[in-house]
Amino acid sequence: MSSFIINGGKILNGKVAVSGAKNSALKIMAASILGSSKVILENIPDIEDVNTMVQVLKTLDAEVKFDRGKNILEINSSAIDSYEAPYELVRKMRASVLVAGPLLSRFGRVKVAVPGGCNIGARQIDLHLKGFEALGASNSIEHGYVISSAGKNTKGCAGTGAHRLTGANINLDFPSRGATENLMMAAVLAKGETTINNAAREAEIIDLADFLISMGADISGVGTDCIKIRGVKKLAGTKYRIMPDSIEAGTFVVAAALCGGIVEIADAIWKNLEIFCLKIKETGIDINRTSDNTIIIKKTAKKLKPVYISTLPYPGFPTDLQPVIAVLLSTAPGISIITENVFENRFMYVEELNRMGANIKIDGHHAVINGVDRLSGAPVKAFDLRAGAAMVLAGLAAEGVTEVYDIYHINRGYERFEKKLGSLGADIKLVNQTDMNV
Ligand code: EPZ
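With our numbering, the residue at position 148 of the sequence shown is 148, and numbering never jumps.
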């Protein structure tokens with residue numbers, strides 16, 4: 001068990017670079033299953049979720065080599081001989097279900113543990129399964145596993161895999177990112193044309209499509225809500241660089257807004273964060289881009305202004321930055337309101353923030369934030385990845401010492417988080433339980 005100890009109130013200054021995007025890397029790693037030869041991925045972040053996806057791929061008998069120092073991952077899926085993503089890995093990381101689309105597409109069969117709910121919501125996979133069915137697969141749920149097969153489904157095993165999926169017209173009830181990705185990967189080797197209507201439009205979807213296209217897939221319309229995929233017979237290996245992580249960039253934006261100084265964030269792509277950056281501007285923070293991929297934040301003497309925020313799929317305000325911006329708004333005098341529209345349970349961190357002196361009330365899917373003069377350091381826990389990052393930011397801004405527990409959540413998605421913040425001047429220390437016992 002490790003924690004972060006933060007001595008708050010230090011001014012942040014300098015330059016920090018954003019790592020590769022977790023939510024792109026994980027899907028592209030899963031998509032590597034589709035290639036008949038080696039895939040080389042650059043800019044893979046060295047984070048826990050990537051380690052879990054490496055384990056998933058190894059469980060399927062793929063060969064995987066991760067050069068952490070260089071952030072390069074090599075995947076060779078030619079020897080895959082297993083079609084099962086086991087519960088212990090899916091339970092650890094829901095994104096493991098993203099191997100279902102590629103396995104079904106390439107081998108006509110898959111058995112994947114049903115993920116169940118998590119700390120931010122129920123997070124079903126019904127839209128993924130409905131889409132597989134539309135593509136001609138049959139699904140059954142047995143003993144906590146979904147078994148999908150493009151051939152005839154046999155009880156307890158993932159079908160014969162003798163058939164290919166068939167292109168179809170799919171209408172998503174909600175622009176789910178995971179469903180869009182799983183179905184896009186399922187359709188690339190299907191017979192004929194697939195259309196995904198009401199598709200998700202996040203930059204990570206475009207990154208995944210660009211990767212698939214570099215393998216030989218035929219995809220158009222990504223970045224719009226209507227994606228067209230014309231199935232091809234085979235996909236080859238490729239070399240590809242993962243896009244930078246917008247949510248990490250947004251996290252550093254808020255750290256700087258709370259504690260800067262002048263902070264320059266490299267590999268922060270403004271257009272992927274536009275509505276977030278505009279909301280930051282609305283609070284009175286001086287935020288600008290010096291190029292398409294550099295954002296600069298300067299401390300302003302003025303008091304912050306409260307704002308209203310509603311989370312929505314892209315191009316709306318990203319739900320993953322909701323807990324992070326709540327910390328900033330908790331110090332903006334007046335009433336801010338955040339409405340969470342994507343997940344039903346993403347305010348678990350609020351009680352922890354209130355223990356640090358924030359004044360936030362939850363009413364259904366709204367958080368009513370009454371800005372306070374200052375936060376005060378306290379022991380708090382990370383409920384999930386972004387809630388954990390929010391606690392760290394609160395600690396940086398607070399008076400006194402904050403200890404953030406359960407930081408394994410944070411390590412799932414932020415590469416060298418405390419080191420990057422430390423390089424900007426934050427006083428943050430990683431403490432292992434064993435150090436504390438000495
Ligand atoms: C992705 O999750 C991200 N995870 C999440 O980031 C992010 O919060 C989320 O998209 C929304 O932007 C990864 O990319 C690994 P969805 P995903 O399918 O794909 C409902 C982080 O902190 N839904 O777009 O699982 C679902 O319950 C993480 O990095 C169904 O009802 O999100 C949710 O309410 C956390 N049925 C909404 O749709 C389905 O079949 C959006 O989910 C699928 C989804």
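Each residue gets a CB set at the ideal place from its N, CA and C atoms; glycine is no exception.
Query                                                                                               : Result
Segment contact, 8 Å Cβ cut-off, at least three pairs: the stretch 343-350 with the stretch 278-291 : no
Same chain, Cβ closer than 7 Å to S32, neighbours up to 5 away in sequence not counted              : V39, I75 and S77
Short Cβ contact (8 Å threshold) for L424 with V16                                                  : yes
Whether P244 touches A268 by CB criterion (8 Å)                                                     : yes
V254 and V327 closer than 8 Å at C-beta                                                             : yes
Cβ-heavy atom distance, F347 to the ligand EPZ, below 7 Å                                           : no
Pair within 8 Å by beta-carbon distance, I247 and L321                                              : yes
Residue closest to I6, alpha-carbon to alpha-carbon, out of G400, F417, S220 and E352               : G400
Range of the contiguous alpha helix (DSSP H) that encloses G388                                     : L385 to A397
Nearest-angstrom Cα separation, counted from P333 out to S98                                        : The sequence given here places Leu at residue 98; Ser does not occur at that position. Roughly 43 Å between the two C-alpha positions.
Inter-residue spacing [alpha-carbon to alpha-carbon] between V90 and C118                           : 11 Å
For K234, the nearest candidate out of F107, T251, G261 and D292 (CA to CA)                         : F107
beta-carbon L273 near the ligand EPZ non-hydrogen atom, thresh 7 Å                                  : no
Contact under 8 Å by Cβ, I287 with V263                                                             : no
Cβ separation of V114 and G144, assumed to be a contact under 8 Å, to the nearest whole Å           : 6 Å
Simplified DSSP assignment, three categories, for N370                                              : strand
Rounded C-alpha distance that separates G121 from D384                                              : 11 Å
Any non-hydrogen atom of the ligand EPZ within 7 Å of P318 CB                                       : yes
Contact set for G101: own chain, Cβ-Cβ below 6 Å, skip 5 residues either direction                  : N182, M185 and A186
Start and end residues, alpha helix (DSSP H) containing E352                                        : V350 to R355
Among I219, K92, D81 and R241, the one whose alpha carbon lies nearest that of V188                 : I219
C-beta atoms of V372 and N359 nearer than 8 Å                                                       : yes
Span separating the alpha-carbon of F440 from that of N411                                          : Examination of residue 440 is not possible in this model, given that the chain is present from 1 through 438 alone.
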